[in-house]
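Numbering (my numbering), first residue to last: 7 to 536.
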Ligand code: GDP
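The following block contains the structure:
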């Protein structure tokens, strides 16, 4: 066996998802604090400006107070090497979240204890479930008055359709918050204000028989706790690691990211319950992360990370083996041998060049415009391709009018690049050139992003005219069908994508049915593959 298996074994790569404001940033910051990647919590927040500087190509992010892009962080803790993938909380970017989840082996869902399951959590969670990865729940803000614990669990089970298994249990909330009870060790971790969370808090652990337990918890709270635990033991799903690994059961933890409370115990349990990088499917079979040479796939492309350089970074997840800077690799979709240029990683928000990286790690490489989302990079003596990342069907469409025809070239370049990054999908009318471009997006906010970026990065003004289409279908058997002869309803539109694949746009689902009825043998698909 190669000598880097130990490096791979200690890797944990997960995504963190939440409704905006539930505390994802604060929790991430505390993870970094425990990992020693930052000294005082707050410095990530303090560096919020730095973070924005990284992505200041998108002022929209600031204006709307949402996190649009996802970033990657690496730190070490307790012998583990942890890669956190941050995801945008806004639902209009759930496709981005999905792609990020493709690169993760598990997900942490942060929920605000006083709000429960919120709109965006629901949507993002569905995306999580589609990936069948383990999902861990952290119920945050227990230092504020929270909803009834049983109700919270009920809500998660009903709304999100996943069984829950509380690993610990809160004793009160808000001003009455005393700590959490660990069901396994039957002891309480007492809550103390850890200098408002700016230093690592020392949590004391007191077993249930200890007289100090009663002292710390108080008689009334203890009685209630015992009742609740009895009820819980009878009612909740038993812990089953296999179910967790299939994404059928979510271990639940309680805490308060702001005051640090419950963060370290969560991290410890989480790291034990998750696995090192798992084998992945490719067209030649399953690729073992430890046995195979270097391979990776591109899950995200981000432009203008650094405004001064106008650069484009392709983020790839390493799926097997070891990466050495300067090594010759093979880009499968481009059918070319190459060296990855300026490979880099993020450490507590700082970018740095990497010399080596292992399966489970995420690296960003300089992309001169050759990579697409879903591309595989491997060694040229064993070529294979990982399964593609599905494209979400756009739900909103608009015609793009370019206002200054002199800038045609910039316009075409800009809109194509933005489409390659996966933020929008572009179509043109069948059998015409790029004269008329139709843009499809999953969330309407992407229209603003497109307009903003074309104006700011490419100096091109556009006008978007909304189109009434709501459904898009790929023609599955396009080689057997004469697309020109397809007859649909009068409001149906025939278009093609960047690769020349024919597609149909429909105003409503009734038209889809009519079109299928009228065209014998026509097969339509809801998803396209990259
Ligand atoms: P995100 O949008 O999910 O990344 O949320 P943030 O981490 O930015 O947190 C949103 C707000 O909630 C901030 O003002 C945080 O200080 C606050 N917050 C985060 N965690 C806690 C917590 O455990 N308790 C309390 N009281 N506030 C919290």
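In this text, a Cβ means the ideal position worked out from N, Cα and C, and glycines have one as well.
Closer than 6 Å: residue 291 CB and nearest the ligand GDP heavy atom: As a first step, residue 291 is located in the chain shown; it is residue number 285 there, counting from the start. No, the Cβ of residue 291 stays beyond 6 Å of every heavy atom of the ligand GDP.
Cβ-based burial, residue 298 [other Cβ within 10 Å; buried from 16]: The residue you call residue 298 lines up with position 292 of the chain shown. Buried: at least 16 other Cβ atoms inside 10 Å.
By Cβ distance, which residues of its chain are closer than 7 Å to residue 531, with the 5 residues on each side in sequence left out? Along the chain shown, read from residue 1 onward, the residue named residue 531 stands at position 525. Excluding positions up to five away in sequence, the list reads 479, 480 and 482.
Inside the segment 154-181 only - alpha helix (DSSP H) runs reaching at least 4 residues: 155-166
Please list, in chain order, all residues of the same chain as residue 407 whose beta carbon is under 7 Å from its beta carbon, the five residues on each side excluded. Stepping through the chain shown from its first residue, residue 407 is reached at position 401. Result list for residue 407: 468, 469 and 471, in chain order.
Could you name the residues that DSSP lists as bridge partners for residue 194? As a position in the chain shown, residue 194 is number 188, starting the count at 1. According to DSSP, which records beta bridges pairwise, residue 194 is partnered with 187 and 212.
Which partner residues of residue 256 appear in the DSSP bridge assignment? As a first step, residue 256 is located in the chain shown; it is residue number 250 there, counting from the start. According to DSSP, which records beta bridges pairwise, residue 256 is partnered with 170.
Tell me, please, whether the segment 117-124 touches the segment 152-167 by the rule of three or more beta-carbon pairs shorter than 8 Å. yes
Determine the DSSP secondary structure at residue 324, reduced to helix, strand or coil. The residue labelled residue 324 in the question sits at position 318 within the chain shown. Here residue 324 sits in strand by DSSP.
Taking buried to mean at least 16 other C-beta atoms within 10 Å of its own C-beta, is residue 3 buried or exposed? A question about residue 3 goes unanswered here, because the residues of the chain that appear run from 7 up to 536.
Quick one: is residue 291 buried, meaning 16 or more other Cβ sit within 10 Å of its Cβ, or exposed? Position 285 of the chain shown, counted from the start, is the residue given in the question as residue 291. Exposed, because fewer than 16 other Cβ atoms sit within 10 Å of the Cβ of residue 291.
Could you check if residue 27 belongs to the surroundings of the ligand GDP, using beta carbon to heavy atom distance under 6 Å? As a first step, residue 27 must be located in the chain shown, where it is residue number 21. Yes, the Cβ of residue 27 comes within 6 Å of a heavy atom of the ligand GDP.
How about residue 444 and residue 403: are their beta carbons less than 7 Å apart? If you number the chain shown from 1, residue 444 lands on position 438. If you number the chain shown from 1, residue 403 lands on position 397. In this structure, residue 403 lies closer than 7 Å to residue 444 by Cβ.
With a CB to CB cut of under 7 Å and the five nearest residues on each side skipped, what residues in its chain are close to residue 250? Locating residue 250 in the chain shown gives position 244, counting from the first residue. Cβ within range, chain order: 140, 257 and 279.
Residue environment, residue 306, which counts as buried when at least 16 other CB atoms sit within 10 Å: The sequence position of residue 306 within the chain shown is 300, counting from 1. Buried, since its Cβ has 16 or more Cβ neighbours within 10 Å.
In angstroms, rounded to a whole number, what distance separates the CA positions of residue 28 and residue 464? Here residue 28 refers to the residue found at position 22 when the chain shown is read from its first residue. Here residue 464 refers to the residue found at position 458 when the chain shown is read from its first residue. If I take the Cα positions, the gap works out to 35 Å.
Can you tell which of 23, 124 and 517 has its C-alpha closest to the C-alpha of residue 105? Here residue 105 refers to the residue found at position 99 when the chain shown is read from its first residue. Per the Cα distances, 23.
In terms of alpha-carbon separation, which member of 362, 375 and 367 lies closest to residue 339? Residue mapping note: residue 339 aligns to position 333 of the chain shown, counting from 1. The residue with the shortest Cα to Cα distance from residue 339 is 375.
Using beta-carbon positions only, say whether residue 301 and residue 384 come within less than 7 Å of one another. Position 295 of the chain shown, counting from 1, holds the residue named residue 301. Position 378 of the chain shown, counting from 1, holds the residue named residue 384. Yes, the Cβ-Cβ distance between residue 301 and residue 384 is below 7 Å.
By the 10 Å Cβ neighbour count, where 16 or more other Cβ atoms means buried, how is residue 197 classified, buried or exposed? One-based indexing of the chain shown puts residue 197 at position 191. Buried, because 16 or more other Cβ atoms sit within 10 Å of the Cβ of residue 197.
May I ask whether a heavy atom of the ligand GDP can be found less than 6 Å away from the beta carbon of residue 266? Position 260 of the chain shown, counted from the start, is the residue given in the question as residue 266. Answer for residue 266: no, Cβ out of range of the ligand GDP.
Does the CB of residue 80 have a neighbour CB from chain C at under 7 Å? The structure shown contains no chain C, having only a single protein chain.
Can you find a heavy atom of the ligand GDP that lies under 6 Å from the Cβ of residue 149? For the purposes of this step, residue 149 is taken as residue 143 along the chain shown, with counting starting at 1. For the ligand GDP, at least one heavy atom lies less than 6 Å from the Cβ of residue 149.
By how many angstroms is the C-alpha of residue 498 removed from the C-alpha of residue 492? Translated into the one-based positions of the chain shown, residue 492 becomes position 486. Translated into the one-based positions of the chain shown, residue 498 becomes position 492. When rounded, the distance between both Cα atoms is 10 Å.
Contacting residues, own chain, Cβ-Cβ under 6 Å from residue 87 (five flanking each side not counted): As a working note, residue 87 is residue 81 in the chain shown. So the qualifying residues of the chain are 16 and 17.
If contacts are defined as beta-carbon pairs under 8 Å, then residue 460 and residue 421 qualify, I think. What distance do you get, rounded to the angstrom? By 1-based counting over the chain shown, the position of residue 460 is 454. By 1-based counting over the chain shown, the position of residue 421 is 415. About 7 Å separates the two Cβ atoms, so the contact holds.
Return yes when the Cβ of residue 360 is within less than 7 Å of the Cβ of residue 351, no when it is not. Taking the chain shown and counting its residues from 1, one reaches residue 351 at position 345. Taking the chain shown and counting its residues from 1, one reaches residue 360 at position 354. Closer than 7 Å, so yes.
Under a Cβ-count criterion, where at least 16 other Cβ atoms within 10 Å of its own Cβ denotes burial, should residue 517 be classed as buried or exposed? As a first step, residue 517 must be located in the chain shown, where it is residue number 511. Looking at its Cβ environment, which holds 16 or more other Cβ atoms inside 10 Å, residue 517 is buried.
Along the alpha helix (DSSP H) that carries residue 29, what are the first and last residues, could you check? Taking the chain shown and counting its residues from 1, the one referred to as residue 29 is at position 23. Counting along the chain, residue 29 falls outside any alpha helix (DSSP H), and DSSP gives it neither H nor E.
Run of the alpha helix (DSSP H) containing residue 263, from where it starts to where it stops: Here residue 263 is taken as the residue at index 257 of the chain shown, counted from 1. No alpha helix (DSSP H) contains residue 263, which DSSP labels as neither H nor E.
Residue span of the alpha helix (DSSP H) that contains residue 106, given as start and end: For the purposes of this step, residue 106 is taken as residue 100 along the chain shown, with counting starting at 1. It spans 100-108 - the alpha helix (DSSP H) in which residue 106 sits, taken as one unbroken run.
Chain-order list of residues whose beta-carbon lies under 7 Å from that of residue 263 (same chain, five-residue window excluded): By 1-based counting over the chain shown, the position of residue 263 is 257. Hits under 7 Å: 29, 32, 33, 36, 146 and 269.
In terms of DSSP beta bridges, what is residue 435 paired with? Looking up residue 435 in the chain shown gives position 429. Note: residue 435 sits in a beta bridge opposite 501.
Among residues of its own chain, excluding the 5 on either side of residue 89, which ones have a beta-carbon nearer than 8 Å to its beta-carbon? Numbered from its first residue, the chain shown carries residue 89 at position 83. Contacts found: 17, 18, 19, 20, 78, 79, 80, 366, 367 and 368.
Quick one: is the Cβ of residue 77 within less than 6 Å of any heavy atom of the ligand GDP? If you number the chain shown from 1, residue 77 lands on position 71. Answer for residue 77: no, Cβ out of range of the ligand GDP.
Opposite residue 87 in the DSSP bridges: which residues? As a position in the chain shown, residue 87 is number 81, starting the count at 1. Its beta-bridge partners are 17 and 82.
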